[in-house]
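Chains as they are written, first to last, in our numbering: chain Z, 3 to 382; chain G, 8 to 324; chain X, 222 to 758.
Cβ atoms here follow ideal geometry from the backbone N, Cα and C, with glycine treated the same way.
For clarity, every value in this text was computed on a predicted model and none was experimentally measured.
Please read the structure below before turning to the comments.
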Amino acid sequence: MTATISSPGSSTGPSTAASTAKLVGLYVLAVAIALALSAALIAVTGGPWRKVFTALIDGSVRNPGRWGDTLTEAAPLLIVALGAIITARAGLVNIGQEGQLAVGAATAAYVATNGSGPLVLIGALVAGFVGGALWAGIAALLRYWRKVPEVISTLLLVFVASQGTGYLLTRTFLLLDDDPNKPNRVQTSGQLDPDTRIGFIRIFGNEFPWSVVLAVVLTVAVALLMNRSIWGFRLTVLGRNARTAQRIGVPVVIAGASALALSGAFAGFAGAVMFAAGSANYRYTPGFANNIGWEGLLVALVARNRPLACIPVALVFGALRTGSGFLAATGVERSIVDVVRSLLVLALLVPPAVIAIQRRRVTPPPAPVSTDEPVVAVAR
Amino acid sequence: MIAVVAAATDVFRDVLSAEAMYESAMRFAIVLAFAAVGEWVAEKAGTLNISIEAMMIGGAYTAAVTWGAFDMVPVALVAGVTAGIVVALAQAHLSHQLTIDQFVVGLTLNLFVLGLALFLDSRWKAVTSVVKPTRIPLLADIPLVGNALFGQPWPMYLIVPLVPAAWWLVFRTRWGLEVRSVGDNPQSADVSGIHVNRRRREAIMVAGACSGLGGGVLVLGQISISGYEPGHVGLKGIIAIAAVIFGGWTLRGTVVGCIVFGYFFALQQTLPVLGYRINAQLAASLPYVVALLVTAVFATRTRQPRALAQPFVRGLA
Amino acid sequence: MAGAGAAALAPAVRLTDVTKRYGPVVACSGVDLELLPGEVHGILGENGAGKSTLMKILIGLVQPDDGAIALGGREVVIHDPQTAAQLGIGMVHQHLSLVEALTVWENVLLGDTSKFDRSTARRQVMETADHYGLAIDPDRCVGELSAGLRQRVELIKCLRRDPKILILDEPTSVLTPAESEQLFTTLRDVVATEQRAVALVSHKLAEILHATDNVTIMRQGRVVERCRTSEATASSLARAMVGREVLLRASAAALGATDLVDDLSDAGVSATTDVIAAPIVDTRPVVLRIDGARVVRDGVAVLDDLHLEVRAGEIVGVAGVEGNGQRELGDLLSSLVTLDGGCVTVNGVTARTGRAGSMAELGVGVIPEDRHDSGCVLDLSVAENLLLDRMESITRFGIVDRRAMRRRAIELMREFDIQASGPDAMFASLSGGNQQRVVLARELGQRPEVLVAAQPTRGLDVGAIEYMSNRLRAAAASGIAVLLVSTELEEILELSDRIVVLSRGRVIGELDRREATSERLGLLLGGVETDPNGAHV
């Protein structure tokens with residue numbers, strides 16, 4: 003079974019100014035529809051939709067200090083998205099970032115809570131990277147050894163990860179906090195030492211960790227790597243045509259498995275960063291991942307697997323997260339944000355698909371090898 | 008070492024002789040089977056729908072709400088089926104008409120429907136009581152498996168006609184023939200005059216109807232759980248897909264797979280009742296670990312529909 | 222021959238002024254065509270002439286932009302294959318329209334609108350098969366059948382619907398000469414006794430001359446000539462097809478005109494470049510050696526104890542009907558297949574078969590049988606495809622030097638005359654001929670030790686075919702060991718110094734070019750083994 007998660011139209015192609023304008027127009031229309039539908043949904047169930055939207059904006063950017071929170075939320079989203087792009091390039095489907103992030107954060111927590119100081123911090127970050135890589139590595143092993151489609155294995159591993167890391171929190175020799183003053187029913191890890199935390203930048207009354215800058219740097223690095231380096235080129239060939247890749251000397255199994263593992267490593271690293279920058283008050287808790295894995299994946303999908311485009315998208319998704327914190331006052335459940343988010347994603351996926359279909363109707367696709375006649379491609 | 012083996016066999020014996028075990032296993036298995044049979048049809052057509060999850064959730068919530076409002080089980084089940092079809096419509100048209108990647112659509116639909124169900128549940132709480140089991144006299148008195156097979160709430164029995172109906176649909180009708188051709192070689196089917204993507208969409212709708220029904224049955228038929236809780240479905244959709252792989256894409260194998268997985272879901276519930284202390288997380292993750300192992304063993308089967316998960320656009324062979 | 226009273230009968234099909242455009246490309250332009258019942262009508266044209274598109278219009282897979290179709294005098298619109306079937310038009314497809322997972326009777330029913338009933342279907346299959354003398358078991362899975370048998374199923378599927386008009390699109394590409402004969406005999410039956418109209422689409426002159434009553438010749442989307450086959454000669458047809466006098470043997474070979482090739486050879490016309498006569502005792506070094514190669518899939522040996530040697534400077538042609546191991550041979554030399562037995566050595570070095578890039582490392586260049594499958598990456602640019610495996614040469618510190626890439630690409634495009642809007646054009650936007658040139662340029666640009674060319678001219682027009690043939694000969698002349706794998710007999714005969722015949726995964730006969738005649742090769746292809754001296758075994 004060969005399958006790829008690829009946003010339609012992510013391949014290069016001729017684009018005129020007119021078609022770009024059309025695309026932008028479609029995007030705007032789609033977003034407007036998504037937002038309108040969300041508002042309608044709130045209104046129909048008797049909620050104050052105007053207040054909801056204002057709360058979202060207040061909570062994400064308008065109120066003092068919220069910008070910093072949005073950036074803080076956006077950083078791990080961005081890192082996860084970068085990993086997702088790597089697997090997409092390789093032609094693989096990794097939807098298990100939520101689990102890989104949890105495992106990475108757990109390993110980082112284990113290292114970090116057993117020591118203190120900046121060296122331990124670095125060790126923890128590395129541990130997160132490795133933990134995520136190993137978790138995704140299981141899926142890679144299953145795929146290349148036993149032909150298990152990675153879309154299924156990564157998904158199953160998410161659930162196993164959540165249970166597994168939950169288990170870690172029940173044993174003190176693993177992650178459970180062994181502080182004698184702690185009330186018994188609380189299942190968290192020990193708190194991170196102040197020396198082992200990621201420092202914060204303070205600008206204009208906003209506060210965000212260094213990891214934000216790190217995430218942006220990583221994005222640029224990944225963009226360069228994907229588009230300019232020979233490694234990125236080989237990965238692209240692998241993703242587009244594995245047989246051709248094999249013929250020219252790209253070891254399909256090794257390249258594919260390492261892409262998968264690397265993607266998990268990014269997710270795990272994001273988890274480590276989250277932990278060391280203050281998520282859950284520097285403690286590892288059940289459900290630590292908190293959907294960052296899922297949303298990071300969605301960021302990559304919406305950005306059509308382009309690293310630099312992930313930055314604005316991650317900001318928007320981060321804004322949705324921080325904005326939702328202000329919803330309690332409106333009486334509307336936070337789950338509406340999930341609805342808004344998925345509607346937005348769906349809305350943002352449709353325009354490029356529509357354009358791609360229209361383009362196919364007009365130009366003949368590559369001449370099939372058997373005859374030299376052009377054939378029209380229509381999904382009927 | 009010997010002590011461990013002895014202990015294990017003891018556990019084994021206890022588990023196998025507990026009637027509650029079989030009852031619980033069958034209940035899980037039947038719910039899984041609704042979704043798995045539906046996805047089996049869809050995969051025969053060459054589609055892989057991780058949005059089975061969303062179809063079940065949609066069916067579960069809609070059935071719960073409808074039952075709360077009208078207090079009529081058949082109406083609730085029909086509502087569940089409808090919800091499943093609606094989700095399937097979205098998957099079908101986004102992936103096999105607008106050509107958006109089917110995994111992307113599936114994932115997004117899962118998140119969307121889950122969020123929607125959570126949200127609506129918070130506004131319009133779904134209150135359900137439970138359908139009482141219907142015991143078939145005599146047969147239900149068979150030791151061990153009697154209650155499991157013949158003492159279930161009546162919606163569960165809907166699986167009995169559904170399985171042969173699905174088989175008949177795929178192997179004894181023209182529609183089924185075309186679906187099978189579309190899953191194995193869509194180019195040939197296209198040249199023969201078959202509407203490839205239309206058949207695929209229709210197969211996905213069948214999956215939606217079955218999974219929606221499964222979601223409804225899940226909510227209405229769970230004896231020990233009262234009311235609708237989000238997260239009931241809990242990735243059972245992906246287990247259904249694993250069951251299809253386990254069964255080598257045969258219907259019989261898929262049903263067997265559902266029973267196997269049902270067994271492992273039941274373990275989580277019944278072991279504590281039997282007096283065994285088992286780590287909560289281990290028990291909860293068992294079915295999923297088993298699913299991983301199962302797919303690892305069975306995914307290399309060559310009876311997979313050759314065009315599975317490969318989108319079809321005419322002209323691009 | 223039936224058809225003598227053709228003028229008095231209403232045409233079964235009349236196409237008037239049919240036109241089809243794909244954006245700027247015109248596939249068919251103002252085509253007029255008449256098919257009469259009781260005759261086999263040949264539609265001749267080189268690849269790209271528009272004949273396949275025309276047939277696709279007739280069968281409902283493609284809608285014309287202009288023009289009318291009339292059946293038996295009545296104008297019709299053909300929306301889709303089902304409408305075409307209802308109107309009595311049936312097609313036997315070029316690259317088969319069967320589903321391997323289904324049985325014969327299920328495949329025969331596919332696309333029908335009749336009731337789905339197993340026993341009726343089986344009965345009809347048997348009846349049709351008996352009626353036309355095409356033996357087949359209705360319960361077998363199509364996946365188990367050979368190419369020849371599969372075509373038989375296609376034929377039965379088509380004939381069962383009792384079509385008034387039967388279209389055959391390049392039917393003999395998968396058949397042995399003996400099977401082709403059989404097919405044409407069946408055709409004559411169908412036509413003569415049942416007064417059906419048959420359209421035979423082909424790019425092979427010999428076939429048209431042999432099996433048809435009337436010929437319509439197309440070139441670049443237009444009809445350029447019509448005549449009765451009895452009045453046509455190979456050269457007149459060739460001239461009409463190509464638009465100029467065909468003087469080159471390569472072109473004649475490309476047109477599948479064996480007689481013409483022989484005529485030209487007799488007239489002393491040489492090949493376009495000098496062929497170095499191979500010495501009686503060949504002292505050139507063996508570059509590629511395949512020893513006892515064995516590949517087993519699903520219990521069947523697709524390559525079975527295959528022995529093959531290619532020396533520097535020679536062209537070895539591997540002839541054979543499709544489906545006898547050619548694809549696996551190509552895959553093997555593309556590092557895509559691991560041997561289950563035997564070995565491959567290049568210049569004495571044993572290759573690690575199946576390991577990515579191992580063949581390429583040893584200097585084996587491949588023009589694969591399906592370039593879209595393993596020869597290129599459609600979504601990348603021309604430049605990227607040209608330098609696909611040579612990126613290291615323009616990489617510094619891991620970063621690709623794009624300017625150097627463009628420069629090198631422009632050089633190659635100039636050298637190999639590749640027509641494209643620029644090195645950054647999408648590979649997919651190139652014509653078939655130019656795409657093949659890119660593949661050739663890439664492989665030859667490496668200065669390989671061995672060049673494997675699998676079906677190198679399939680789907681190309683005559684000009685491109687000539688170019689490719691010249692290049693292959695030039696490669697051999699420069700010392701490269703060339704392995705030509707082709708199902709086109711004429712191509713093999715034209716280019717090879719030495720010919721081997723592949724059947725069921727092994728070499729069953731070997732001939733030197735000078736001894737090879739179409740007849741002898743035909744026998745070998747039919748499966749009759751000969752010993753090295755050419756005597757029947």
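Beta-bridge partners of residue i, as assigned by DSSP
i, result
"Arg-449 (chain X)", "X:Asn-435"
"His-707 (chain X)", "For the record, residue 707 (chain X) in the displayed sequence is Ser; it is not His. Paired residues: X:Ala-540."
"Ile-205 (chain Z)", "Z:Asn-208"
"Ile-511 (chain X)", "X:Leu-529, X:Val-565"
"Ile-92 (chain G)", "According to DSSP, which records beta bridges pairwise, Ile-92 (chain G) is partnered with nothing at all."
"Asp-645 (chain X)", "None, per the DSSP bridge assignment."
"Thr-571 (chain X)", "X:Thr-566"
"Ile-310 (chain X)", "X:Ile-386"
C-beta contact flag for residue i and residue j at 8 Å
i, j, result
"Ala-774 (chain X)", "Glu-446 (chain X)", "Here chain X covers residues 222 to 758 and nothing more, so residue 774 (chain X) does not appear."
"Gly-513 (chain X)", "Gly-546 (chain X)", "no"
"Gly-596 (chain X)", "Val-531 (chain X)", "no"
"Asn-223 (chain G)", "Leu-84 (chain G)", "According to the sequence provided, residue 223 (chain G) is Gly. The question's Asn does not apply to it. Yes. Within cutoff."
"Val-186 (chain G)", "Lys-51 (chain G)", "yes"
"Ser-218 (chain G)", "Met-63 (chain G)", "yes"
"Val-537 (chain X)", "Ser-699 (chain X)", "no"
"Ala-342 (chain X)", "Leu-331 (chain X)", "no"
"Val-88 (chain G)", "Ala-216 (chain G)", "yes"
"Asn-568 (chain X)", "Val-521 (chain X)", "no"
"Ser-118 (chain Z)", "Asp-195 (chain Z)", "yes"
"Ala-217 (chain Z)", "Ala-349 (chain Z)", "no"
"Leu-225 (chain G)", "Val-38 (chain G)", "yes"
"Leu-227 (chain G)", "Trp-131 (chain G)", "no"
"Asp-60 (chain Z)", "Leu-118 (chain G)", "no"
Residue from the options with nearest C-alpha to residue i
i, options, result
"Pro-318 (chain G)", "G:Asn-56, G:Met-33, G:Asp-17, G:Ala-14", "G:Asn-56"
"Thr-109 (chain Z)", "Z:Thr-89, Z:Thr-74, Z:Leu-123, Z:Asn-283", "Z:Leu-123"
"Ile-720 (chain X)", "X:Leu-609, X:Arg-734, X:Gln-284", "X:Arg-734"
"Leu-550 (chain X)", "X:Arg-576, X:Ala-533, X:Asp-287, X:Val-587", "X:Val-587"
"Leu-693 (chain X)", "X:Gly-544, X:Leu-529, X:Gln-657", "X:Gln-657"
"Pro-384 (chain X)", "X:Ser-451, X:Arg-339, X:Gly-311", "X:Gly-311"
"Phe-35 (chain G)", "G:Val-262, G:Arg-207, G:Val-320", "G:Val-262"
"Ala-269 (chain Z)", "Z:Leu-329, Z:Gly-85, Z:Leu-58", "Z:Gly-85"
"Leu-299 (chain Z)", "Z:Ala-83, Z:Leu-31, Z:Asp-71", "Z:Ala-83"
"Leu-744 (chain X)", "X:Gly-541, X:Ser-602, X:Ala-572, X:Cys-448", "X:Gly-541"
"Phe-178 (chain G)", "X:Glu-327, X:Arg-295, X:Ile-357", "X:Glu-327"
"Val-44 (chain G)", "G:Tyr-29, G:Ala-290, G:Leu-165, G:Thr-106", "G:Leu-165"
"Leu-262 (chain Z)", "Z:Asn-65, Z:Arg-52, Z:Val-132", "Z:Val-132"
"Thr-397 (chain X)", "X:Ala-572, X:Gly-369, X:Gly-666", "X:Gly-369"
"Ser-24 (chain G)", "G:Thr-277, G:Val-167, G:Gln-311, G:Leu-96", "G:Thr-277"
"Tyr-2 (chain Z)", "Z:Thr-190, Z:Glu-297, Z:Arg-363, Z:Ala-257", "The question about residue 2 (chain Z) has no answer here: the residues shown for chain Z are numbered 3 through 382."
Rounded distance between the beta-carbons of residue j and residue i, thought under 8 Å
i, j, result
"Val-539 (chain X)", "Leu-723 (chain X)", "5 Å"
"Ser-614 (chain X)", "Gly-578 (chain X)", "No, Ser-614 (chain X) and Gly-578 (chain X) are not in contact; Cβ-Cβ is about 15 Å, not under 8 Å."
"Ile-290 (chain X)", "Val-422 (chain X)", "Not really, about 17 Å apart at Cβ, beyond 8 Å."
"Arg-91 (chain Z)", "Leu-322 (chain Z)", "About 27 Å; that fails the 8 Å criterion."
"Val-767 (chain X)", "Val-683 (chain X)", "Since the first residue shown for chain X is 222 and the last is 758, residue 767 (chain X) is missing from the structure and cannot be characterised."
(message) Could you tell me which whole alpha helix (DSSP H) segments of length 4 or greater appear in the stretch 31-80 of chain Z?
(response) 51-59
(message) Extract the residue ranges of the alpha helix (DSSP H) inside the stretch 245-291 of chain X, only unbroken runs of 4 or more that lie entirely within it.
(response) 272-280
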